[in-house]
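Remarks on the structure that follows.
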Amino acid sequence: MGSAETKAAGPGAAEPRPAEPTGTGSSGSGTALTAADAAGVTAAGGRGRSDLAGLEAGLDALETRAAAKVPVWHLLRDKVAPPVLAVLLVLVVWQLAYHFQVKPHYELPSPADVAGSVHQMWLQGTLFGYIWTSLSRGALGYVASVVIGTPLGLLVARVAPVRAAIGPILSGLQAMPSVAWVPAAIIWFGLNNSTIYAVVLLGAVPSIANGLVSGIDQVPPLFLRAGRTIGATGLRGVRHVLLPAALPGYLSGLKQGWAFAWRSLMAAEIIATSPMLGTGLGQLLENARTNSDMPGVLAAILLILVVGIGIELLVFKPVERRVLRSRGLLV
Amino acid sequence: MATAVTEQTVRHDDGTAYAARVRQVSKSFGRPGAELPVLEDITLDVAPGEFVCLLGASGCGKSTLLNMVAGLDRPTRGGIDTAGRPALMFQEHALFPWLTAGRNVELTLRMRGVPRAERRERAEELLELVRLKGAYGKRVHELSGGMRQRVALSRALAQDSRLLLMDEPFAALDAITRDVLHEELTRIWERTGISVLFVTHNVREAVRLAQRVVLLSSRPGRIIEEWRVDIPQPRRIEDTGVADLSVEITGRLREEISRHGQR
Ligand SMILES: Nc1ncnc2c1ncn2[C@@H]1O[C@H](COP(=O)(O)OP(=O)(O)OP(=O)(O)O)[C@@H](O)[C@H]1O
Ligand SMILES: [Mg+2]
């Protein structure tokens, strides 16, 4: 064994402490290393702390990865071109089917006919009105679903009796097509916006709540323990640890919630048509069908599709990517 | 700036005779009637400013004991006193990936009630203490394993606790990085005067770091022997003194483990 006990009392261990290089980026570390080396040579004893600093700076520099920048045309080639090609392909197939009269023209109009129908609405100035009616209903119903679904999911995830009681119901509701509620809702609320919102809520709330539940279930217990040791307990723990940790799962629940909200909205609008209700895309579709206006039917279907996808691409995708990327879950 | 940190944490000489006091603690898991005793009659004091290594084979209950000292779990019998809430460092860095390195440290300060205006500066000081000032804005996934553990160390130090519990914090690192972190930890311990209870199954690591090495038996975990390590710091893991004592302790550990095979 060694010599006498010699724990140098705290800061009294007066070592010559050279300026500490803290280079971690690729830029600073080169100079940090040389500075440390130089200090190491001058420090008496040969095994000074400067050695350690230099070694550390070297290790840090070696192990820090630089993020590669993706050129724009790669982005175009990998991300933009494939979907554009797919759409073009569909249009070509459609045009061919039209050309060879797979179905009579009044049943299968050409892409140009459908575009004409959309153009017509544009000229009449009604196009954005239809879209806005549906979109504002969808947005309002969705926001309400988030406001209801979030605390509900939190309760189900964190309170065992609540989970036992309504967890399975929530999953069942999520699996159930919310169209099935439309007839009941019409009887309960009549042909008005309440019916539509009720159906949207029944469609979106379960999937938002379930998304949060599975997000919370997937939080590594280590984070919760780490949170507890730093004193993040109770509501502070929920706010600073649990919810941020569950965010990726919650976000995918939110995204799915939007898809369900939009679907439910369209189902409700198609069934619940009434002059008292404004004309949304669903009513547009139903009206075109009763008028046997096939280009109008296809135009409405197309608009429903485009708005649904557009919201997902413009709102949810960027948010989700940002969150995942900032956590290193996305390369 | 370095001295500011020192002044905050140095020498908690306020008369308490211990940083942690473990009194006849036993712990078993499982249903009543079919309990699995994991720890039995553990009595251990950590003096203020002392560096104690808890050594034992895999599964002997080291983490269980540390979690109880940290207050994350309760002993079945016996009592544990600590001076304030101890800081705890895990084998995995356990940093929050939704925050930058600096924000991770700041969250701890915030939970402690440090006013917003001071947090940033304090966090930078704490990162500088582990020589990572430049990592303030870095995300956890952008840091190397060794850097993550250093940030985790500075987060633990941000608790300004008198007792730092460490559960095999360097086990997943490569030899060189671990070596560096040993030096770093020794330096910080000397500078801050914090008490450390460090769990490991690596004998040399224990001898390299500790003033006192406590050896646990397995199934159930009991304290079977203690060694004072009087080799002066700075030590090196390859020093002959460290190697000699390691051989002795390893011999005792082997003896203890083979006792299980004979039954
Ligand atoms: N929550 C639990 N429920 C039941 N058994 C447990 C629980 N936690 C730990 N154990 C058991 O207690 C024993 C000790 O576990 P512990 O994690 O404390 O060991 P350890 O010494 O830290 O081991 P290692 O070196 O592998 O980390 C193990 O046999 C383990 O299976
Ligand atoms: Mg363990």
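Chains as they are written, first to last, in the UniProt record's numbering: chain A, 1 to 331; chain B, 1 to 263. Here a beta-carbon is modelled for each residue, glycine too, at the ideal position from N, C-alpha and C.
Annotation note: the segment 121–179 of chain A contains the following uninterrupted alpha helix (DSSP H) runs of length 4 or greater, listed N- to C-terminal: 127–158, 160–175. Per DSSP, reduced to three states, the secondary structure at S28/B is strand. Any Cβ of chain A closer than 7 Å to the Cβ of W98/B would place that residue at the interface, and such an atom is present. Against chain B, the CB of R225/A has a partner CB under 7 Å away; the residue lies at that interface. By the 16-neighbour rule on beta-carbons within 10 angstroms, N291/A is exposed.
Counted as a single uninterrupted DSSP element, the beta strand (DSSP E) harbouring L88/B occupies residues 87–89. Here S161/B is near P86/B, since their CB atoms are less than 7 Å apart. Look at P37/B here: in three-state DSSP terms it is strand. What D60/A touches in chain B, judged by beta-carbon distance under 7 Å, is S144, M147, going in chain order. Proximity to D45/B across G56/B, G30/B, V69/B, C60/B peaks at V69/B, based on C-alpha coordinates. Excluding the 5 residues flanking it on each side, A288/A has same chain C-beta neighbours closer than 7 Å at G296, V297, A300, in chain order. Between V22/B and the set F51/B, L66/B, A34/B, the nearest pair of CA atoms involves L66/B. Counting along the chain, W94/A sits inside no beta strand (DSSP E); it lies in the alpha helix (DSSP H) bounded by residues 81–99.
The C-beta separation of Y130/A from T229/A comes to about 56 Å, leaving the pair out of contact by the 8 Å criterion.
Sequence-distant partners of L303/A (beyond 5 residues in either direction) whose C-beta falls short of 6 Å from its own C-beta, in its chain, are L281. Between the segment 229–243 of chain A and the segment 172–185 of chain A, the count of Cβ pairs shorter than 8 Å is below three; the stretches do not touch. Taking 6 Å as the cut-off, the C-beta of S63/B counts as close to a heavy atom of ligand 2. Here DSSP, grouped into helix, strand and coil, assigns R321/A to helix. Here DSSP, grouped into helix, strand and coil, assigns V46/B to strand. In terms of beta-carbon proximity, E56/A lines the interface with chain B, with at least one pair separated by less than 7 Å. For R122/B, the secondary structure class from DSSP, reduced to helix, strand or coil, is helix. L313/A sits in a helix when the DSSP states are folded into three classes. CA-CA distance, E121/B to T126/A, rounds to 58 Å.
Boundaries of the beta strand (DSSP E) harbouring T82/B: 77–82, taken from the DSSP string. Boundaries of the alpha helix (DSSP H) around R228/A: 221–229. Within the chosen limit of 6 Å, ligand 1 does not reach the beta carbon of H240/A with any heavy atom. Ranked by Cα distance from R150/B, the options E118/B, L163/B, A117/B, T186/B are led by T186/B.
Buried is the label assigned to E40/B, since at least 16 other Cβ atoms lie within 10 Å of its Cβ.
Taking every protein chain shown into account, the CB of T43/B has fewer than 16 other CB atoms within 10 angstroms, so this residue is exposed.
Sixteen is the threshold: since fewer than 16 other Cβ atoms of the shown chains lie within 10 Å of the Cβ of A97/A, the residue is exposed.
Around L107/B, the beta-carbon contacts reaching into chain A at under 8 Å are I230, A232, H240. With a cut-off of 6 Å, the C-beta of S28/B is classified as distant from ligand 1, since no heavy atom of the ligand falls inside that distance.
Going by DSSP, T200/B is part of the beta strand (DSSP E) stretching over 195–200. Sequence-distant partners of L202/A (beyond 5 residues in either direction) whose C-beta falls short of 6 Å from its own C-beta, in its chain, are S178, W181. The beta carbons of L247/A and V323/A sit about 6 Å from each other, so the pair counts as a contact at 8 Å.
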